[in-house]
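See structure below.
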Amino acid sequence: MNLFRLLGDLSHLASILVLLHKIQTSRSCRGISFKTQALYVAVFVARYLDLFWRYISLYNSAMKVFFIGSSCYILYLMKYRYRPTNDPSIDTFRIEYLLVPCAILSLIFNYNFMPTEILWSFSIFLESVAILPQLFMLQRTGEAEAITTHYLAALGIYRALYIPNWIYRYFTEGVIDPIAVTAGIVQTGLYLDFFYVYFTKVLQGQKFELPA
Amino acid sequence: GSPPSSHDEL
Numbered sequence: 001m002n003l004f005r006l007l008g009d010l011s012h013l014a015s016i017l018v019l020l021h022k023i024q025t026s027r028s029c030r031g032i033s034f035k036t037q038a039l040y041v042a043v044f045v046a047r048y049l050d051l052f053w054r055y056i057s058l059y060n061s062a063m064k065v066f067f068i069g070s071s072c073y074i075l076y077l078m079k080y081r082y083r084p085t086n087d088p089s090i091d092t093f094r095i096e097y098l099l100v101p102c103a104i105l106s107l108i109f110n111y112n113f114m115p116t117e118i119l120w121s122f123s124i125f126l127e128s129v130a131i132l133p134q135l136f137m138l139q140r141t142g143e144a145e146a147i148t149t150h151y152l153a154a155l156g157i158y159r160a161l162y163i164p165n166w167i168y169r170y171f172t173e174g175v176i177d178p179i180a181v182t183a184g185i186v187q188t189g190l191y192l193d194f195f196y197v198y199f200t201k202v203l204q205g206q207k208f209e210l211p212a
Numbered sequence: 213g214s215p216p217s218s219h220d221e222l
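In structure tokens form, the structure reads like this:
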């Protein structure tokens, strides 16, 4: 564990708490893509079910349980408790365009051709693009509540912090994980446009609005 | 470097 990874994980944790806070206090999931949230459930289940056969640390296991549990709970809130506030007509990204390529990529790029490793690769590839339905929705509506942008910023910062973590691990431990690094760089890249607007507008107290 | 097979990251 190093500081970059710890702060990255905490940022990931914070993003989920911010999202839960937004939904609970506004009693609404307006502006949140159900498809992105469903993809995160798939990502966490595919990757973290290894907690039944691989023990790393209490920290690692507790985080895995939290990510699976909280993502399922968010899906429940969107699908049942606050269903009327969820508008599927603006959540139109076709997720099969993400699922199918990620499935193919995971069959080609994995560290061992066995179900658990293929699932791990699949989850890494899927996570890197899971935010696209959400960003697509943002692009369509052209604006977002400040709290939604804080959620997205924390989520983007999480993966961005993993990059210095990998560089640090390369020099201190000599390990490199080409699948995670490639997908992680792609994932962080997807946030660059968003980050630009977030840091130049939202953090200056302006509304998050995309140019028409 | 070699790839970590332990998947110790989240």
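If you read the sequences in order, they're chains A and B.
With this note's numbering applied, the first sequence corresponds to residues 1 to 212, in that order.
With this note's numbering applied, the second sequence corresponds to residues 213 to 222, in that order.
Note that the Cβ used here is the ideal one computed from N, Cα and C, for glycine as well.
With H, G and I counted as helix, E and B as strand and the rest as coil, what does DSSP make of residue i?
| i | result |
| --- | --- |
| residue 113/A | coil |
| residue 93/A | coil |
| residue 154/A | helix |
| residue 145/A | coil |
Excluding five sequence neighbours on each side, which residues of the same chain lie with their C-beta closer than 6 Å to the C-beta of residue i?
| i | result |
| --- | --- |
| residue 77/A | 23 |
| residue 151/A | 15, 18, 19 |
| residue 8/A | 158, 161, 162 |
Considering just the uninterrupted stretch of the alpha helix (DSSP H) at residue i, what are its terminal residues?
| i | result |
| --- | --- |
| residue 219/B | Looking at the DSSP string, residue 219/B is not in any alpha helix (DSSP H), and its letter there is neither H nor E. |
| residue 180/A | 178 to 190 |
| residue 23/A | 3 to 26 |
Starting from residue i, find everything on chain C with Cβ-Cβ shorter than 8 Å and list it in chain order.
| i | result |
| --- | --- |
| residue 120/A | Any reference to chain C falls outside this structure, whose protein chains are A and B. |
Who are the Cβ neighbours of residue i in its own chain at under 7 Å, not counting the five residues just before and after it?
| i | result |
| --- | --- |
| residue 107/A | 118 |
Enumerate in chain order the residues of its own chain whose CB-to-CB distance from residue i is below 8 Å, with the five nearest sequence positions on each side excluded.
| i | result |
| --- | --- |
| residue 142/A | 209, 210, 212 |
| residue 255/A | As displayed, chain A neither begins before 1 nor continues past 212, which places residue 255/A out of reach and without an answer. |
| residue 140/A | 90, 92 |
| residue 88/A | 34 |
For a test of your reading of the model: does the CB of residue i fall under 6 Å from any non-hydrogen atom of the ligand GDP? Yes or no.
| i | result |
| --- | --- |
| residue 97/A | Among the components of this structure there are no ligands whatsoever, and the ligand GDP is therefore not found. |
Which parts of the region 30 to 78 of chain A are runs of the alpha helix (DSSP H), unbroken and 4 residues or longer, counting only runs that do not cross its ends? 34 to 48, 58 to 76
Does the region 191 to 207 of chain A touch the region 131 to 148 of chain A, meaning 3 or more C-beta pairs lie closer than 8 Å? yes
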